[in-house]
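Chains as they are written, first to last, in our numbering: chain A, 1103 to 1320; chain B, 1103 to 1320.
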DNA sequence: TAGATTGTTAATCGATTAACAATC
DNA sequence: TAGATTGTTAATCGATTAACAATC
């Protein structure tokens, strides 16, 4: 049923979201989660548009691909839309990730609620600094980076978050990949070389800033 | 001349990049900056493609809109391509930004080289915690958050980076906007309400992770 | 020369938008 | 009923890709 709705052309096409749709749905999820926290119960496509800078028609269209989730004249119920999107993105369960680097950035990430809110659990934290090992960070004990491969493999972790200095990033990435990680979030400045079946997401505030500035300057 | 090259259709179109092109050019800039640091002098469109997950043809096409920067059979000179893209994005000068929040995330941002590398200067840092005021962070003295409006206005700052707890984010955003800021990078979980002429970029690792996970799960 | 890589064309596909009837 | 907002159509625009001649 879901597959049929996702491919409106009979006999056609993939039962997989396009990259664009999946990215947008994730952003709706974030807006809904925060709106719910603020006590809201309903939201309109226009309100989601204001927070995401995604066109309201696009939002309604994205959602209507999967069913009629809204009420005309009223909007969408936040709770039920949350459940629907989670179903579509298959993010209902718990996901375990590994964090490497317990410096300032690593600590900021570990103590943030942002992952927990979306069912993402930081299952292991590593650092190479012996003085940090054993200390608690966001509810987990910091482990020796030399144990990374074993722990990641044992816990079947497929996502790694890199919050280490640029100089150490490639070595850590290699270890993560060896241990079975297939998605790396790179918060270092370094460019990472990985096998083609591994996805690297490099997060770079400066890049986004340059791009935003361009539109301010022109 | 530049205008003409940017609008190949005679008599046509904007002298402004589309959002997509500007975003991609910024990412090329990051790859070039890092490659240069690693001592490379030339790079091919395929290498840039490997690091950015942007199609190599797309990259060549983006660049050839502005001139013939490459050498067939050889690739692009990193130095000259850096200069060309900076010219196109008008990011050759120095840009002053304000950072609000000197907690772990704020400290991580302030001490990173990532902004400085791209000519972005953190001209002021604020925090509401009196015990932090006056302390040095990434070369700047932390100032009292109550001075935010005056300082931002005096220094003509148009970009603000929010690294404060979610509960404080809206108030800080209001103050930044009052003081003239037009671009806000929001690293809190909060949704921000701002006037329509202000751009908010919300950076949310969890959102990117959910979206990346979807493709791993399917 | 032989190999590599750019610049460019042409074709396709998905994103974006305005507009509006349906309906809460 | 009157007002609001969804779901959907239709039209346009930009992104994406393969392919390949040009040329270093």
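Glycine is no exception: its CB is placed at the ideal position from the N, C-alpha and C atoms.
- Shown here for residue 1133/A: same chain residues with a beta carbon closer than 7 Å to its own, the five before and five after excluded, namely 1150, 1153 and 1154 in chain order.
- With respect to chain B, the C-beta atom of residue 1226/A has no partner C-beta closer than 8 Å.
- Residue 1144/A and residue 1138/A have their C-alpha atoms spaced approximately 9 Å apart.
- Residue pairing for residue 1127/A: DSSP places it in no beta bridge.
- For the region 1204-1227 of chain A, residues whose beta-carbon sits nearer than 8 Å to a beta-carbon of chain B comprise 1205, 1206, 1207, 1209, 1210, 1211, 1213, 1214, 1215, 1216, 1217, 1219, 1220 and 1222.
- Leaving aside the five residues that flank residue 1280/B on each side, the residues in its chain whose CB is nearer than 8 Å to its CB run, in chain order, 1251.
- Cβ-Cβ separation between residue 1220/B and residue 1312/A: approximately 6 Å, consistent with a contact (criterion under 8 Å).
- Taking the Cα of residue 1254/B as reference, the smallest distance to any Cα among 1225/B, 1140/B and 1232/B is reached at 1225/B.
- Taking 8 Å as the upper bound for CB-CB distance, residue 1126/B and residue 1320/A are not in contact here, some 16 Å apart.
- In this structure, the straight-line span from the alpha carbon of residue 1140/A to that of residue 1292/B is close to 9 Å.
- For residue 1119/A, the nearest beta carbon of chain B is closer than 8 Å to its own beta carbon.
- Beta-carbon to beta-carbon, residue 1202/B and residue 1265/B are separated by about 7 Å, close enough to satisfy the 8 Å threshold.
- DSSP, reduced to helix, strand and coil, places residue 1237/A outside both helices and strands of the structure shown, so it counts as coil.
- Residue environment analysis places residue 1234/B among the buried positions, since at least 16 neighbouring C-beta atoms fall within 10 angstroms of its C-beta.
- Residue 1303/A: member of the beta strand (DSSP E) spanning 1301-1304, first to last residue.
- In this chain, the beta strand (DSSP E) harbouring residue 1245/A covers 1242-1246.
- Interface criterion not met: the Cβ of residue 1178/A is under 8 Å from no Cβ in chain B.
- Of the candidates 1157/A, 1245/A and 1191/A, 1191/A places its Cα closest to the Cα of residue 1121/A.
- DSSP places residue 1197/A inside the beta strand (DSSP E), whose first and last residues are 1197-1202.
- Sequence-ordered contacts of the region 1255-1273 of chain B with chain A read 1260, 1261, 1263, 1265 and 1268 [C-beta pairs closer than 9 Å].
- Segment contact: the region 1206-1218 of chain B against the region 1267-1286 of chain B, fewer than three CB-CB distances shorter than 8 Å; contact not assigned.
- Within chain B, the residues placing a beta-carbon under 7 Å from that of residue 1306/A are 1132 and 1216, ordered along the chain.
- Here residue 1146/B carries a coil assignment [DSSP, helix/strand/coil].
- Flagged as an interface residue toward chain B: residue 1285/A, by a C-beta distance shorter than 8 Å.
- Residue 1172/A carries a strand assignment under DSSP once its states are collapsed to helix, strand and coil.
- In the structure shown, residue 1231/A falls within a coil segment according to DSSP collapsed to helix, strand and coil.
- Proximity of residue 1279/B to chain A, defined by a Cβ-Cβ separation below 8 Å, is not satisfied.
- In the DSSP secondary-structure assignment, residue 1316/B is not bridged to any residue.
- Proximity to residue 1198/A across 1175/A, 1223/A and 1308/A peaks at 1223/A, based on C-alpha coordinates.
- Think of a sphere of 9 Å around the beta carbon of residue 1309/B: the chain A residues whose beta carbon falls inside it are 1125, 1128, 1129, 1131, 1132, 1216 and 1220, in chain order.
- Scanning 1175/B, 1165/B and 1123/B for the CA closest to the CA of residue 1185/B turns up 1165/B.
- Chain order gives the chain B residues near residue 1292/A as 1136, where near means a beta carbon separation below 8 Å.
- Bounds of the beta strand (DSSP E) holding residue 1264/A are 1261-1264.
- Close partners of residue 1317/A in chain B (Cβ separation under 9 Å): 1118, 1119, 1121, 1124, 1285 and 1301.
- Contact with chain B is absent for residue 1237/A, since none of that chain's Cβ atoms lies less than 8 Å from the residue's Cβ.
- Here DSSP, grouped into helix, strand and coil, assigns residue 1153/B to helix.
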